[in-house]
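**Q**
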Amino acid sequence: MGRDGVAGLLLLGLAMLLAVQTRQIPRTPFLPLGADFFPRVLLVIVAAGSLLLVGLDILRHRRPREGASRAVLPRFRDTPRSIPALFAAFAGYVFLMPVLGFLLATAAFAAAAQVLLGPHRPRDLPRIGLLAVGTAALTYLVFERYLHVFLPRGVLF
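Just remember that this note's numbering sits 1 ahead of the position in the sequence shown, which is counted from 1.
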């Protein structure tokens, strides 16, 4: 079993441990589903994903048949530079959100993610900017106005 299988087993164990802990969440008679419903749904999803990860790792590490070639997994140095750059952009997004606020930080991150992950031409930059601003604005409207979830304020207001 490889690293993916070990990680899957650890996640499965953690999900099972946390599922047992959800029994301690108090239930209210006024809500049909209760406060423990959503954490349990998330833990079932995590457990299913970890089982899938273990299963795929077991399939990957089966003994190959005679004459079958074994595919080599790419190493980190073979990873496109855009992936570590995207992680750096996300870290910048997290650290700049309290300063810039949700709207500016989300628009900047959405634009950076599109530029880093996809091929683009200079004439695509206005489209990328519109999609980034639209993503930030729509997310803001849904969370602030509809769901009444307060998002970080910034330099705009």
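Note that beta-carbon positions come from the ideal geometry of N, C-alpha and C, so glycine has one too. Just so it is clear, the structure is predicted and the values come from calculations on it, not from any experiment.
Can you give the Cα-Cα distance for residue 126 and residue 93, rounded to whole angstroms?
**A** In the sequence shown, residue 126 corresponds to position 125, counting from 1. In the sequence shown, residue 93 corresponds to position 92, counting from 1. If I take the Cα positions, the gap works out to 21 Å.
**Q** Would you report the Cα separation of residue 156 and residue 100, rounded to the nearest angstrom?
**A** Taking the sequence shown and counting its residues from 1, one reaches residue 156 at position 155. Taking the sequence shown and counting its residues from 1, one reaches residue 100 at position 99. Rounded to the nearest angstrom, the two C-alpha atoms are 7 Å apart.
**Q** Note the first and the last residue of the continuous alpha helix (DSSP H) segment covering residue 15.
**A** The count along the sequence shown starts at 1 and reaches residue 15 at position 14. 4-22 is the span of the alpha helix (DSSP H), which, as asked, contains residue 15.
**Q** Using a 10 Å radius around the Cβ and a threshold of 16 neighbouring Cβ atoms, would you call residue 104 buried or exposed?
**A** In the sequence shown, the residue the question calls residue 104 occupies position 103. When all chains shown are included, residue 104 counts as buried.
**Q** Which one of 111, 146, 149, 8 has the shortest CA to CA distance from residue 133?
**A** Here residue 133 is taken as the residue at index 132 of the sequence shown, counted from 1. Among 111, 146, 149, 8, the Cα nearest to that of residue 133 is on 111.
**Q** Near residue 48, what residues of its chain come up, given a Cβ to Cβ distance below 6 Å and the 5 sequence neighbours on each side ignored?
**A** Start at 1 with the first residue of the sequence shown, and residue 48 comes out as number 47. Excluding positions up to five away in sequence, the list reads 13, 16.
**Q** Hey, residue 87 and residue 114: beta-carbon distance below 8 Å or not?
**A** Taking the first residue of the sequence shown as position 1, residue 87 is located at position 86. Taking the first residue of the sequence shown as position 1, residue 114 is located at position 113. Result yes, Cβ atoms of residue 87 and residue 114 sit closer than 8 Å.
**Q** Mapping DSSP to helix, strand and coil, what is residue 47?
**A** Numbered from its first residue, the sequence shown carries residue 47 at position 46. Here residue 47 sits in helix by DSSP.
**Q** Roughly how many angstroms lie between the CA atoms of residue 36 and residue 26, to the nearest whole one?
**A** Translated into the one-based positions of the sequence shown, residue 36 becomes position 35. Translated into the one-based positions of the sequence shown, residue 26 becomes position 25. Roughly 7 Å separates the two Cα atoms.
**Q** If you draw a straight line from the alpha carbon of residue 121 to that of residue 129, how long is it in whole angstroms?
**A** Walking along the sequence shown from the start, residue 121 turns up at place 120. Walking along the sequence shown from the start, residue 129 turns up at place 128. If you take the alpha carbons of residue 121 and residue 129, they lie about 9 Å apart.
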